[in-house]
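In this note's numbering, the protein residues as written are 14 to 590. All C-beta atoms, glycine included, are put in the ideal place defined by N, C-alpha and C. Heads up: the structure comes next, in structure tokens.
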Amino acid sequence: MKLTGAQALIKSLEHQGVEVIFGLPGGAILPVYDPILDSSIRHILVRHEQGAGHMAEGYSMATRRPGVAMVTSGPGATNIVTPLMNAFMDSTPLVVVTGQVATGSIGTDAFQECDITGITMGITKHNWLVKDPNEIPQIVAEAFHVATTGRPGPVLIDFPKDIANSAADYYTPGSVSLAGFNIQTEPDSNAVAAAADLILKSKRPVLYVGGGVLKSNASAALRILVEQTSIPVVTTLMARGAFPDSHELNLGMPGMHGTYTAVTTLQKSDLLIALGARFDDRVTGKISAFAPNAKIIHADVDPAEIGKVRKPDVVLLGECRRSIEELTRALTEKTSSSNEALPLNITEWHNTLKEWQQKYPLSYDRQASDVIKPQYVIEEISKRQKEGTILASGVGQHQMWASQYWKFNSPNTWVNSGGAGTMGFGVPAAIGAKVGRPDKQVWAIDGDGCFQMTAQELVTSSAEQIPVKIAILNNAYLGMVRQWQHMFYEERYSEVYLSPDLPDYVKWAEAMGAIAFRVDTPEEVIPTIEKANEIDDRSVVIDFRTDVTERVFPMVPAGAPNDDILVSPEHADGIIQ
């Protein structure tokens, strides 16, 4: 079948099951936009290319399907570099198509020419510069295969304008087999047996659950393992919802702003079972002091993560869900044959954890009556949501409070930027999540600094009828930076002040087609949340004027050992002993 390269590209995307593209046209990609008019694919016109990338990420995180974005060359391509880097850090599958100048003009500094494949080489799993229009169906098939195989991540297809206008032979590509992408999915049986032996011998085990559990759809398998063994669980920032917060064995989030019990449990454990986690520095603190007496079982699909930060005692290389299932099977077989009963005999460990939880819970001044505490806002929104509500967030203090105080009981309901820490992620990611899951209510917790970076995508929300709800925790500062300046720079607040009233968030949101409210007192918080929950046909923005002095606790200072954890002022004696 003879098509143009542009038609072949759109037909190839249709063949991959693509239902939606987030994008913004321009000169180099313009030929590809014409066949979209005849396609079954829905195109969502964004107001900035960064928004296209973050919407694709939100879509992917909510649906577990690859998100697709399309932009033009030059500045269009460079504007989507940040989402690509964000997706690479958080293992989110994206397929990004960028326009490119005609092949004969590449290297001449032509108008809006940019070496985007060179720029993104380090932040994509792979990228392609299309040189032959007859290769388009195969390249697209390879792109989706790479993005979703093994450890997922972003890929990029750079599409020259003359290729788009050339005649192409369209065909249905066959199965894809690429050197380097023959992923080991099944863990070694001897390693599984060795891991089971370590677990049976341990007295203070902990399951250190990372985002790989969500990527491999392993939440159900994890719950079976936990309920058979009674091993306590910590869920990283990227794994919130992988194991329900309502479960008594969930200790919360570890890391720099994790719960005291989660942080301390890792430190004092004798066996750390890492499932789809990468020993990020925000979790480990000073690595040489991290979990010093713990043996390590590391289950991961990416061999590059094994031993990168902490040398494991047992490696379960394979797809995370299969590793969990095989480990559960091995434990059942071993205990049945040796007459040992599950769950494990770790009652003393459970008692210790309960003592920590009782002594050092998450806390803030709930008695304050004259100012709005940001934690209170998040708690009250969380209490009033249906099961399965999706929460997105920007990056900063509000992100940490959201992870701490929102109750996550379902997988794929937490959409946030982890490894890259991208401010401005929240609004477009929430929109993308709503596109992917229109049946779910989607909230975003944002800061005033983050909101100002990508708020223009509320216009996209209104124009495309994608209603989301956004709570701005407006403390008039770049809050996390201010917190560090308060604690480590002698309260020298350099360039962090934002006006609480400039811009006027209510007027701005209304100008973009949303319904907006301003909340100044604690008494207004609950009624306004309830009003927002009743509105389903338009986006809602609430400007919560929150306490500027509030800081995120617990906190492990950067580069310090986790033993130096600082808790809230109410628990000022709470240093790990």
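The DSSP-derived three-state label of ASN140 is strand. In the DSSP annotation of this structure, the continuous segment of the alpha helix (DSSP H) that includes ASP210 starts and ends at 202-214.
In the same chain as GLY437, and ignoring 5 residues on each side of it, the C-beta atoms closer than 6 Å to its own belong to CYS463, MET466 and THR467, in chain order. For the beta strand (DSSP E) assignment, the uninterrupted runs of no fewer than 3 residues enclosed by the segment 382-442 are, from N- to C-terminal side, 403-406. Around the beta carbon of LYS24, 16 or more other beta carbons lie within 10 angstroms, which makes this residue buried. Secondary structure remark: continuous beta strand (DSSP E) runs of at least 3 residues inside the segment 45-121, in chain order: 55-58, 80-84 and 107-113. Taking the C-beta atoms as reference points, VAL384 is found nearer than 8 Å to ASP560. The DSSP-derived three-state label of ASN364 is helix. The segment 447-460 makes no contact with the segment 84-91, as fewer than three CB pairs between them are under 8 Å. Given a length threshold of 3 residues, each whole run of the beta strand (DSSP E) inside the segment 214-297 is given here in chain order: 218-222, 246-248 and 284-288. Using a Cβ distance threshold of 8 Å, THR111 and ASP175 do not count as a contacting pair. Secondary structure of ASP576 (DSSP, three-state): helix. Its Cα nearest to that of LEU22, the residue ILE149 stands out among PRO96, ALA381 and ILE149.
Boundaries cannot be given for PRO186, as no beta strand (DSSP E) includes it and DSSP labels it neither H nor E.
Buried is the label assigned to LEU264, since at least 16 other Cβ atoms lie within 10 Å of its Cβ. In chain order, ARG60, HIS61, GLY64 and MET525 place their CB closer than 8 Å to the CB of GLN469, counting only its own chain and leaving out the 5 sequence neighbours on each side. In terms of Cα proximity to GLU400, the closest of GLY254, SER215 and LEU43 is GLY254. Around the CB of GLY407, 16 or more other CB atoms lie within 10 Å, so the residue is classed as buried.
The DSSP-derived three-state label of LEU344 is helix.
For TRP369, same chain residues with a beta-carbon under 8 Å away, outside a window of 5 residues either side, are TYR273, THR274, THR277 and THR278 in chain order.
Distance from GLY289 to ASP313 at the Cβ level is roughly 6 Å; contact confirmed, criterion being Cβ atoms closer than 8 Å.
With fewer than three CB-CB distances shorter than 8 Å, the segment 43-62 does not count as touching the segment 130-140.
According to the DSSP assignment, THR17 belongs to the beta strand (DSSP E) that extends over 15-17. When DSSP states are grouped into helix, strand and coil, ARG335 belongs to the helix group. 8 Å or more divides the Cβ of ALA208 from the Cβ of CYS333. In this structure, the alpha-carbon of ALA484 lies about 14 Å from that of PRO441. Closest in alpha carbon position to ASP258, among GLY30, GLU508, GLN417 and LEU211, is GLN417.
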